[in-house]
Amino acid sequence: MKRLLVPLAAASLGATALALPAAAEPSWISDPLAPKPADAYSNAQFWLDANGAALKKATQYRIDAKDVPKLVRPQTQTGDGKPGGVAPTGTTPPSTKSKNVNLPKTIGKVFFLDRAGQPRWCSATSIQSRHRNLVATAGHCVYEHGKDVFRKWVFVPGYYQGKAPFGVYVGAYAFTAYDLDTYDDYDGDFAFVAVHNGFRLAGKKQVSKADFDKWAGDKWTEDVAIDEATYKKCVDLHGGESADCWAKLSTISDVVGPDYTGAKKQAFKEVSKEEFDKAPKGDANGTQAPEKTVLDQVTQSEYQGHKGLGYRRIDQAGNFTITHYFLKYWVKETAKTEYFKTVFTVGLAKDAGRLGDVVGGQGIAWNQPMNQRVIAFGYPSAPHPDGDRPFSGLTPKWCSGKTGTKTYQINTFRVETHQVLKCSMTPGADGGPWLVRYDNNKRTGYVNGVTSLFIDEDGNDRVDHISSAYFDGEVADVYAKANYAETKKIVGPNGELLPG
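Going left to right, the sequence shown walks through residues 105 to 604 as this note's numbering numbers them.
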């Protein structure tokens, strides 16, 4: 990266703690996402409501609509210090050896609202940290145009078709490179996000109004009809109307004939030709229900594709027509007293624990040699430039191989030192981890990059390479700051929103 700093103290890949040099100039930026439990609860509830409707509606995020970039001249510069890293932790027991790649439990999707308010997603992974609460992803999946953080940012490990099997983890604090935040420089296209404890929605229960008023989590009221006898008993018991019993005067409309005393004409309503033919026709004085027809001349395709009300006919001149029929109904309006009670309901939630305790955390490595074997995971979804769409984004995919022997320049995104991997995954996979030293049995390795850009190097309108920021001492610097970020539980033992 361009802003090369004094590297972190030398550490082996088995190190478990980091220390910043006293003289190191900060190269990181931190921004709050939702540090307060109430905001975090609201963000998660937004995505979980209606059986995960917003999760299912989200589409993969794509950075600015620029042409798929090409690699420019390779660079010789790589690390800015000694190799180092932090070892992974896992919750998946070793499996029997397999020739296939076993998917890590740590990967999932991050969801957020972009500047236009549209629900979007990227790929990400849980990563080991002091408080077992850290997510690694691409910087452009947290910061829009390298500046403002996205709204309602959450991580869903193990995401599949609108389901959150391990709970939803709301972002509390985001950390990224100074150059990405300040200059939209994709040499710093990575981010670490400290997340609160995850939680799941756990149903609902009816409570008293007093408990409802005290409840700090999700809650709502519903008006339920009761009969007159129940209403009268309730009024006698409470000495008048209350939330448990109250009356409302409603107007009921019934269709009648035009001669009914007090009948009123309603607006025209489209009906079928059969209903129109059976209805009595009105006269000029409107003593019967008036009617009208509308004749539309349409194209052949509109004629053939027409469904619903309306009578299709080809006239003598060969024109395609649809005739629409309308009647104006007569109704009587009757006042009716209806009786109701208010039901108070609260939504329950269940604490899922710390992210790293639930799914584990991948390690992280920096200043590693080039031309290393990596496995890149992600949820590709977007079509290739030629329009072919081989991936759905519903399930994670992977690519494996050795990274390039040198880093590359990509002019359209101010990139000078990206590492590259031959891979055909498309957008949606951005933010997914590049793991070195991947143990297929333990399903853990070391994050040595995250997918940033998608490249058509041979010019055939197909993605054939992906790139990542080279993980050097500056990445370690940002990680060291994120490593100490403390987060909170969101819900208590009774499913309530905790204060704070």
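Cβ coordinates follow ideal geometry from the N, Cα and C atoms, glycine included.
Min CB distance residue i to chain B below 8 Å
{"i": "T397", "result": "In summary, chain B is missing from the structure at hand, where a single protein chain is found."}
Beta-ladder partner(s) of residue i, from DSSP
{"i": "V519", "result": "I514"}
{"i": "S620", "result": "A query on residue 620 cannot be resolved here, the shown segment of the chain reaching from 105 to 604 and no further."}
{"i": "H569", "result": "K526 and I559"}
{"i": "Q466", "result": "I231"}
{"i": "L207", "result": "The partner list for L207 (beta bridge, DSSP) is empty, contrary to what the question assumes."}
{"i": "A329", "result": "F444"}
{"i": "L399", "result": "T427"}
{"i": "A453", "result": "L305"}
{"i": "Y277", "result": "P136 and A298"}
{"i": "L353", "result": "T441"}
{"i": "W538", "result": "A480"}
Beta carbon of residue i nearer than 8 Å to that of residue j
{"i": "C245", "j": "Y165", "result": "yes"}
{"i": "K308", "j": "T210", "result": "no"}
{"i": "T548", "j": "G464", "result": "yes"}
{"i": "L459", "j": "Y277", "result": "no"}
{"i": "S131", "j": "D576", "result": "no"}
{"i": "S134", "j": "K585", "result": "yes"}
{"i": "A240", "j": "V551", "result": "yes"}
{"i": "V540", "j": "Q472", "result": "yes"}
{"i": "K526", "j": "H488", "result": "no"}
{"i": "G243", "j": "L284", "result": "yes"}
{"i": "N147", "j": "V328", "result": "no"}
As assigned by DSSP and simplified to three states, the class of residue i
{"i": "N471", "result": "coil"}
{"i": "K592", "result": "coil"}
{"i": "P141", "result": "helix"}
{"i": "H628", "result": "In the structure as shown, the chain begins at 105 and stops at 604. Residue 628 is therefore absent and cannot be evaluated."}
{"i": "H300", "result": "coil"}
{"i": "T548", "result": "strand"}
{"i": "Y483", "result": "coil"}
{"i": "S405", "result": "helix"}
{"i": "E379", "result": "helix"}
{"i": "Q149", "result": "helix"}
{"i": "Y335", "result": "helix"}
{"i": "T391", "result": "Only weak support exists for where T391 lies, its pLDDT of 45 falling under 50; the value from the coordinates is given anyway. T391: coil per DSSP, three-state reduction."}
{"i": "V176", "result": "coil"}
{"i": "D291", "result": "helix"}
{"i": "F316", "result": "helix"}
{"i": "Y282", "result": "helix"}
{"i": "V246", "result": "coil"}
{"i": "K161", "result": "helix"}
Residue nearest to residue i in terms of C-alpha spacing, selected from the options
{"i": "Y443", "options": "Y512, G491 and T334", "result": "T334"}
{"i": "P178", "options": "S571, V595, K432 and Y282", "result": "S571"}
{"i": "T403", "options": "G412, G422 and E395", "result": "G422"}
{"i": "A453", "options": "E561, A142 and A220", "result": "A142"}
{"i": "G628", "options": "Y264, F424 and S230", "result": "Nothing can be reported for residue 628, as the shown portion of the chain is limited to 105 through 604."}
{"i": "N598", "options": "A306, D565 and T499", "result": "A306"}
{"i": "D534", "options": "V190, A138, A228 and N155", "result": "A228"}
{"i": "Q523", "options": "F279, V554 and L498", "result": "V554"}
{"i": "S376", "options": "D455, A439 and Y429", "result": "Y429"}
{"i": "W151", "options": "G188, P139 and K213", "result": "K213"}
{"i": "G299", "options": "G321, S357, R255 and L137", "result": "Note on residue identity: the sequence assigns Val, not Gly, to residue 299. Of the candidates G321, S357, R255 and L137, the one whose C-alpha sits nearest the C-alpha of V299 is L137."}
The ligand SAM heavy atom lying under 7 Å from the CB of residue i
{"i": "K352", "result": "Although the ligand SAM was asked about, the structure shown includes no ligands whatsoever."}
Q. Hey, is the region 348-359 in contact with the region 459-476, meaning 3+ C-beta pairs nearer than 8 Å?
A. no
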